[in-house]
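Take the sequence shown: its position 96, counted from the start at 1, is 96 in our numbering, and no numbers get skipped.
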Amino acid sequence: MFDFIKYKYISITFSTILIIIGFGVTFGKYGGFATSLDFDGGLRAVVEFPATVERKNLEEYFSSKNLEAVLVLMDKDKNDYQIDIGLGSVDRIKELYLERKGKDNVEAKQASAIDALIGILQEDFKLDKKAILSANQVGSVVGAELTSTGISLLGLTLFFIMIYLSFRFQFKFALGAILALIHDLVITIAFIGFFQIKPSVPIIAALLTLLGYSINDTIVVFDRIRENAGNLRDTFSQVINISINQTLTRTFNTSVATLISVVAIIIGGAVELYDFAYVLTFGIILGTFSSVFIAAPLVDIYDGLSKRFKRS
């Protein structure tokens, strides 16, 4: 039987180091998180391209123009693509448009960035007006609203989980679970920044899914601890250790089964789902780690501290 509680401070220190490295690289090397249309604003157009135009052709096209574009295949049969371009490329689009129309062209100078983008695409791909299904400029105000909504959702999720666990178990279990979930959330955000994954609505969905998966695994361990606490005569630390070992096989099997379905998205899914799947894969591994090495040990630390304070 492996003694998990013996290494509780090592596991917590290890997680802390990972968080520091993640945010250190995010802000030290990259200067912050990657920008995305959903949160920072930009240009979004849905265009029906000729059947001969493939994703690879579009990627090469935007790369040759020094434009960072995110492509989403909306309709495979009609070859409809959603094109997302961040605000950082707006000036470059206007510059390209003026080069074609002439720098002294008053109409070209007054054209909006989205009109300039559509004009360039129509000219280069010989598109008529019907091929432009939609074209909009998304402002940063929308991004601010999405950010606020995302934070509110995550906060409410943690709040209701803590209320439920406080009634279902004792407060020390609720506190341990919430701290472990915050740990999962923070380290996953550090992971997103480290690999410069673009924040988006699907990423928020992945974070919420991660919280649900992690708390499910943690509750299984906590339920076994509560059951053993009434039946075993060992110390609370020993009961926690025994309970973790008893649920370890179930935890491992559940994680592997879940990972298989997520990895299948990476192998055979659409490119648009890759970031979602990467975050979820990391989250599942992290959730398994935290339920064993973080959540239960935190309960043991709190229990030890509370008993010490009662004695004094």
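Note that CB positions come from ideal geometry on N, CA and C, so glycine has one too.
Which residues share a DSSP beta bridge with residue i?
i, result
"Val72", "Gln82"
"Val138", "Gly42"
"Ile132", "Val47"
So what does DSSP say about residue i, is it helix, strand or coil?
i, result
"Asn105", "coil"
"Glu99", "helix"
"Leu232", "coil"
"Tyr30", "coil"
"Val53", "coil"
"Met162", "helix"
"Ile197", "coil"
"Gly269", "coil"
"Asp91", "helix"
"Ala111", "coil"
"Thr35", "coil"
"Asn253", "helix"
"Asp217", "helix"
In whole angstroms, give me the CA-to-CA distance for residue i and residue j.
i, j, result
"Asp80", "Phe167", "51 Å"
"Phe23", "Phe173", "28 Å"
"Thr188", "Gln238", "30 Å"
"Ala113", "Asn105", "15 Å"
"Val70", "Ala131", "19 Å"
"Asp84", "Asn253", "39 Å"
"Ile204", "Lys103", "42 Å"
"Ile242", "Lys307", "21 Å"
"Asp234", "Phe169", "20 Å"
"Lys126", "Lys78", "16 Å"
"Leu179", "Thr157", "13 Å"
"Phe14", "Gly150", "28 Å"
"Leu58", "Ser291", "44 Å"
"Leu286", "Leu121", "43 Å"
"Asn66", "Ser89", "8 Å"
"Ile267", "Phe195", "19 Å"
"Met1", "Ile19", "29 Å"
"Phe4", "Ser11", "9 Å"
Nearest to residue i by alpha carbon, out of the options?
i, options, result
"Leu298", "Ser152, Gly41, Val279 and Tyr9", "Tyr9"
"Pro199", "Thr16, Asp3, Ala34 and Leu248", "Ala34"
"Tyr274", "Val72, Leu67 and Val47", "Val72"
"Val262", "Leu280, Tyr7, Asn105 and Gly155", "Leu280"
"Asp115", "Leu43, Phe39 and Arg250", "Leu43"
"Phe289", "Ile266, Lys310, Thr247 and Arg226", "Thr247"
"Tyr213", "Leu175, Val271 and Gly283", "Gly283"
"Ala206", "Leu232, Ala111 and Phe276", "Phe276"
"Asp91", "Ser134, Leu117 and Asn136", "Leu117"
"Lys129", "Gly88, Asn245 and Gly119", "Gly119"
"Met74", "Ser64, Val46, Thr218 and Glu68", "Val46"
"Tyr30", "Ile192, Ser152 and Ser64", "Ile192"
"Glu48", "Ile197, Val25 and Ser134", "Ser134"
"Gly155", "Leu211, Phe309 and Lys109", "Leu211"
So does residue i have its beta carbon nearer than 7 Å to some heavy atom of the ligand GTP?
i, result
"Ala174", "Looking at this structure, you won't find the ligand GTP or any other ligand, since it has none at all."
Inset, instruction - Could you tell me whether the stretch 178-187 touches the stretch 245-261, where touching means 3 or more Cβ pairs closer than 8 Å? - result: In short, these stretches do not touch, since the Cβ pair count stays below three.
Legend entry - Segment contact, 8 Å Cβ cut-off, at least three pairs: the stretch 221-235 with the stretch 45-56: no
Inset, instruction - Evaluate contact between the stretch 92-99 and the stretch 298-309, counting only Cβ atoms and requiring at least three cross-stretch pairs below 8 Å. - result: no
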